Structure formats: C-alpha cells, structure tokens
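*Asks:* Starting off with a structure, shown below.
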Amino acid sequence: MLQMGGNIIKKNQASFRVFAYNQQAVSLVVKNEDKTEVFPLEQEEEHIYSTILNGIGPGSLYKFRLDKGDFPDPYSYFQPEGVHGFSQVIDHSAYQWHDENWKGIDQEKLITMEIHTGTFSEAGNLRGILEKLDYLQQLGITAIELMPIAQATGRWNWGYDGVNLFSVNHNYGTPDDLKRLVDTCHQRGIAVLLDVVYNHFGPEGNYLSFFGPYLTKKHETPWGEAVNFDDAYSYYIRKYVLDNVCCWLDLYHIDGLRLDAVHAIKDNSPLHIIQEISLIANNLSRKHQVSKLIIAESDENNTRLIEPLDQGGYGADAQWMDDFHHIIHTSLTDENKGYYMDYGELKGLEKAYTNYLYTGQYSHFWEKKRGTDASARPGKQFVVALQNHDQVGNRAQGDRLSTLVDFPLLKASAGLVLFSAYMPLIFMGEEYGEQNPFLFFTDHQDPELKKAVSRGRKKEFKQFGWGEVPDPQDPETFYRSKLTPQKNWKEKNQQLFNFYRDMIKLRLSHPVLKRLDKDRLKAKVNSQNRVVQVHRWENGISLTALFNLGETSFPIENQGKQIFNSEWEIYGGKETGLSRFLSKGQMVILESQSTP
23 MLQMGGNIIK KNQASFRVFA YNQQAVSLVV KNEDKTEVFP LEQEEEHIYS
73 TILNGIGPGS LYKFRLDKGD FPDPYSYFQP EGVHGFSQVI DHSAYQWHDE
123 NWKGIDQEKL ITMEIHTGTF SEAGNLRGIL EKLDYLQQLG ITAIELMPIA
173 QATGRWNWGY DGVNLFSVNH NYGTPDDLKR LVDTCHQRGI AVLLDVVYNH
223 FGPEGNYLSF FGPYLTKKHE TPWGEAVNFD DAYSYYIRKY VLDNVCCWLD
273 LYHIDGLRLD AVHAIKDNSP LHIIQEISLI ANNLSRKHQV SKLIIAESDE
323 NNTRLIEPLD QGGYGADAQW MDDFHHIIHT SLTDENKGYY MDYGELKGLE
373 KAYTNYLYTG QYSHFWEKKR GTDASARPGK QFVVALQNHD QVGNRAQGDR
423 LSTLVDFPLL KASAGLVLFS AYMPLIFMGE EYGEQNPFLF FTDHQDPELK
473 KAVSRGRKKE FKQFGWGEVP DPQDPETFYR SKLTPQKNWK EKNQQLFNFY
523 RDMIKLRLSH PVLKRLDKDR LKAKVNSQNR VVQVHRWENG ISLTALFNLG
573 ETSFPIENQG KQIFNSEWEI YGGKETGLSR FLSKGQMVIL ESQSTP
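Next up, the structure:
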C-alpha cells in the first residue's frame, strides 16, 4: 500500500496519496517554475485517492486539487513558501545518518533544556542550536526539548498554532537541518525531545477541513471544536496523528515526544489515542533498540496517564508536574491570582517531593476536587521545573524569575528542583539568569485574526492583575524575547551558570542523587523560619540539603561534610570554605554515612 502524502519511490518517481472526503474528483497540481500541470488521481477506495508519477523527484512542488480549490498536502514534509504555499517532495532516504552507536539515555539521567528555536540563538534557527551544543555540554545538559517546530503561519510563533504537522517550519530550516541537529546531538550523547500538539490545529492556513472531518462538534475544547478522535471517519484522523508520531520518532530519530495539554484531547474510543501513541512508541523502541519516550502535559494530576497499558493506563513514560513549580513560585513571589490561588504554602513541598500536592482535594480555582494519589509512581515519571515556557511566557510581561527574586534565591530555588528525585527541566536562559522576557508572540497575516489574538491575550490575563499585555503581533515582542549572547553576559550570569553546571554534575555523579528513588527521600519544612530540609540516602550514604528561603540566618548543625554551598565565591557568594550559618537564600548540601 502506498504511503499517505508525497513520497519518493525511486529516482524520478513519486507516489501521492490523500484522504479526501466526499469529493467529486481529486487531482494533483505540480508546479514547475511558473507553470503548473494537473494529474487526475484514481480513487483506490472510498475517500482515498492516489497516483504514481514518473519525472517527479525530490524538491518537486505540489498541491491537491479538491472540489473547493487547491490546497497543501496534509502530510506535507516541507512548506518552503509557508502554510498557504505548495508542498515539497522530500526524499528522506537521501540523508546519511551517523548515529548508529546511539543507545539512548536512561530516564534517570535526563537533564532537559526546553528550547524555542527562534529565540535560543542569534541565528534563530536549527543551525543556531547546533552551534551551541558545546555550551549545552559544558552545562551538563543531556537532552534538549524543542518547542513545536511544525509549520505555522508567519515569521515567528510559539509553535502551538501549527497546521502542517509533518512539516519542519521553513523559518527554522529544512528537514535535513533537523536531521543534522538530531544526528549531531546523538553523536555527542544528547537526546532530542520534541513538543507536539494533537489537541487542536492552528487557525491560519488550516485547510484540513476541506479534506475531511478532522474536527468534530461532539466535543468542545478551549479552541472550539475538538480534533476528531472518536466521531465518524475518525479512523483517518487517528491515522494522521499516529503517522505523525512515526514521522518524528522514526524518520527523524527523535527520542521522545512531549504531548501538549492532553487534558484537552477528547476521545471516548475503547482505545484512547494516547494509548495508541504509547504503543507505537513502544514498538519503535524495540525496532531501534533505543527508548522512545512519551511525556504528557496535563493539569489534572491524573496518574492514569502514566500507569502501564496492561493495567488500564495510557502508558506515557512521564508527565509534567505543575504542583511542584507552583508551590516554589508562589512561596517566593507571594503571587496568589489565577491558578496560583490554590498554592502559596511552602509546607506543601513536604508532600510535593513525593506526590502531587492535589491528590483529590477541592481546588478553589477549578471549583472541583482535583488529582489522584501518585505516591506509588516512580520519580522518573515526573518532570519538574523552576521555569518553563508556560510559566514564563504566559505571564503578561513574560518576566522570568530572575527579575522577580534576589540572586541568592535563584540559586536556592534551582537547588530545590535539582535535588529532587524527579526529572528536571530547565528553561533556556534560566541557567544564567536571563533578564530578557519570554513573551507570547505571533505573526498572523489575517487582519481579523490579528485583532482577535491581541484582544484574547488581554482578556486571558485580566484575572491575574498583571497590567498591560504586550501586543503579540508587534515584531518587537519577538525580538525582546531572544536570549542574550554569552559574549554580553555579566559576572552574575557566569556565577549562576557555574552553580547550575556544578549542581548538575553532582546530581549525575553522586550515588545518592543519580537514582530517582523518591521512597528514599524525606522533606521537612519549617514554615515559620522558611527553611526547607530534604534528606536523600542510598546504600548507607546520606545527603541533607538545607534551603533558607527566609530572612533570618541559622546555625548549621553538624550533619556531615559540606560538599556543596551556593554561597561559595565561584557562585557569587562570600564563602571560601565551610559555612557555619545558613544565610538568607543559601543552599548547603551535607554528606554523612548515616541514614535518616
């Protein structure tokens, strides 16, 4: 059976296959310079049309002609002219891979940096990331997670408005550029994860509805009609998504997918679409002998997402854990608007180090009971972060934590994450205290959509009381969000980088920290003094981390040898040796031979 989309069969021969619901006729329009040729497609089965053409090679441009016009291929691998332009035939077999020795990385060793391709480097593309791999290795990063790179409208976008799900965004480079990045990362021992969006499609350049019922009125989502996973003809839409999973994990050798906002995926099928995605990832893991991870993002604190398939779970390898971030952030900033109203008690860390904070209690923000008990799930199934694109970029001013708290607290709060028995995620720029904001930016071309996005953004953040919202459509909003080049760093930037680098090195090398065993972890919080004490132990060795988030200094009890101190001079502090007192914002790690 032919593959969906346009695919090279052999030299100068390509196949084309498309799902086109209830059409009178379907043709292929091939563009050659300023001329176009039209080739009728045969109906091989109901709603499926295909053909094989000679004289068509890599780089050929095409669209499908339906009853209502000419449209890009839903399976397009590349849109060199953007979302409205012609699709391009790509020969995936032409790229010569060099990652045959890549065996993947154990989940417990993942130190992930979340990256927006357009703002991470001065170049603002995939090659720009490639040029910073030395930097990432120096920091100790073992995985990068790219925010969505599927083709979206305009010059820049967060990526969650993608409409050509198989196409590498032409603003970032070509399919070969992505392969080269993955290939080089693997040769350097770095995994590559990709953020994908299956809960909605972007609004501009979205021609899927002309091809068939990709959306359904059966369910409602924050974006309107739901992606059709369980209504009439959903087989073709499910296949579309599952083929997309295979595209990234197989053709591009991507190591894992982060599924955006899975709570907004509506599916009442006997086999949920996430379960099918997990099954495909498992099969590809066996095929390549390399782990292919599925990481879910959800605000529901539902362990079913990460419970095994044979136990009725959805089989995801891990999920994001927002509770951990919210407790730390609200405790440091005293913010209590919006969903932050459910947090603010530092004491919550005692529970959150081994479980969700909300495990069935009533949520004032959601106005219902929220969460399940996750105490039995291993630590490697949870991703925690001090900052990420949501928690920074979804603030009205896109302000990073470095602009909200003092320098010592930046180090201590990062230590709270890196000392945990969870998988840490670092948001690009966090590691050196980037001062530039990360704002929400778009470049829609439709005049009405431009206005709607600007109005919607203002309405969305009214409840937080964050004041005026920068216009997402203003080019300056994008340019302000780019990272500061390392050559322009100040001394404090390098000192914070040193802290992250050494804390990551300790986490990956110390026998107590490199195993994500939250059963061998105890957290204790003194709410009055705002001191957090976390014990972790393994094989008779114990580590105690002390974090002073309060205003008063305290004597450090003799609980072992000091092996890490956030106030050492290399990290911008005043200590050259051992600390006798735990000062404001300080973090100290003590090692002993006893078990708590």
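Each residue of the sequence shown is one higher than the last, beginning at 23 in this note's numbering.
The beta carbon of each residue, even a glycine, is placed where N, CA and C say it ideally should be.
Note that the structure is predicted; figures quoted are calculated from it, not measured.
1) Between which two residues does the alpha helix (DSSP H) harbouring Glu-59 extend?
2) Nearest to Asp-465 by alpha carbon, out of Tyr-454, Glu-456, Asp-496 and Glu-490?
3) Could you give the distance in angstroms between the alpha-carbon of Asp-539 and the alpha-carbon of Pro-400?
4) What is the residue span of the beta strand (DSSP E) that Val-52 lies within?
5) Can you check whether the CB of Gly-370 is closer than 8 angstroms to the CB of Leu-379?
6) Anyone know if the C-beta pair for Leu-368 and Ile-317 falls short of 8 angstroms?
7) For the alpha helix (DSSP H) that contains His-351, what are its first and last residues?
8) Buried or exposed, going by whether 16 or more other CB atoms sit within 10 Å of the CB of Phe-603?
9) On the CB-based measure, 16 or more other CB atoms within 10 Å of its CB, does Asp-395 come out buried or exposed?
10) DSSP three-state label for Lys-402, please.
11) Which word fits Asn-324, buried or exposed, when buried means at least 16 other C-beta atoms lie within 10 angstroms of its C-beta?
12) Closer than 8 angstroms is the cut-off here; do at least three beta carbon pairs connect the region 583-594 with the region 604-612?
13) With a cut-off of 8 angstroms on the beta carbons, I'd call Pro-459 and Ser-476 a contact; round off their distance for me.
14) So what does Ile-171 bridge to, in DSSP terms?
15) My understanding is that Val-4 touches Leu-327, with C-beta atoms under 8 angstroms, so please give their C-beta distance in whole angstroms.
16) For Gly-337, count the other beta carbons within 10 Å of its own beta carbon; 16 or more makes it buried, fewer makes it exposed. Which is it?
17) I need the straight-line Cα distance from Asn-250 to Ser-320, nearest angstrom please.
18) Can you name the start and end residues of the alpha helix (DSSP H) that Ala-434 belongs to?
19) Candidates Gln-173, Leu-432, Ala-172 and Arg-149: which alpha carbon is nearest Thr-206's?
20) Return helix, strand or coil for Ile-592, following the three-state DSSP convention.
21) Val-214 to Ala-303, Cα distance in whole Å?
22) Just to confirm, are Val-218 and Leu-301 a CB contact at a threshold of 8 angstroms?
23) Check whether the region 137-151 and the region 116-126 touch, using three or more Cβ-Cβ pairs below 8 angstroms as the test.
24) From what residue to what residue does the alpha helix (DSSP H) around Lys-527 run?
25) Can the beta-carbon of Arg-260 be found less than 8 angstroms from the beta-carbon of Ile-295?
26) Scan the region 115-171 and note each continuous alpha helix (DSSP H) run of 4 residues or more that stays entirely inside, going in chain order.
27) Helix, strand or coil for Ser-300, going by three-state DSSP, please let me know.
28) Measuring straight from C-alpha to C-alpha, what distance separates Thr-425 and Gln-457?
29) Could you compute how far the alpha carbon of Asn-515 sits from the alpha carbon of Leu-571?
30) Using only alpha-carbon positions, find the residue among Pro-446, Phe-429, Met-450 and Asn-580 that is nearest to Glu-513.
31) I need the straight-line Cα distance from Lys-154 to Ala-165, nearest angstrom please.
32) Which stretch, first to last residue, makes up the alpha helix (DSSP H) that contains Thr-499?
33) For Ile-74, is the classification buried or exposed, using 16 other Cβ atoms within 10 angstroms of its Cβ as the cut-off for buried?
34) Could you name the residues of the same chain whose beta carbon sits closer than 6 angstroms to that of Pro-492, not counting the 5 residues immediately before and after it, in chain order?
35) Give me, in chain order, the residues of the same chain whose beta-carbon lies closer than 7 angstroms to that of Pro-533; leave out the 5 immediate sequence neighbours on both sides.
36) Opposite Phe-86 in the DSSP bridges: which residues?
*Replies:* According to the structure shown:
1) Here Glu-59 belongs to no alpha helix (DSSP H); instead the beta strand (DSSP E) covers 57-62.
2) Asp-496
3) 7 angstroms
4) 49-54
5) yes
6) no
7) 344-355
8) exposed
9) exposed
10) helix
11) buried
12) yes
13) Actually they do not touch by this definition, with Cβ atoms about 17 angstroms apart.
14) DSSP lists no partner for Ile-171.
15) The shown model of the chain, from 23 to 618, leaves out residue 4, and the question about it has no answer.
16) buried
17) 19 angstroms
18) 429-440
19) Arg-149
20) helix
21) 15 angstroms
22) no
23) no
24) 513-531
25) yes
26) 139-142, 148-152 and 155-161
27) helix
28) 6 angstroms
29) 21 angstroms
30) Phe-429
31) 13 angstroms
32) 497-501
33) exposed
34) Leu-461 and Thr-499
35) Glu-560, Asn-561 and Ile-563
36) Leu-50 and Phe-93
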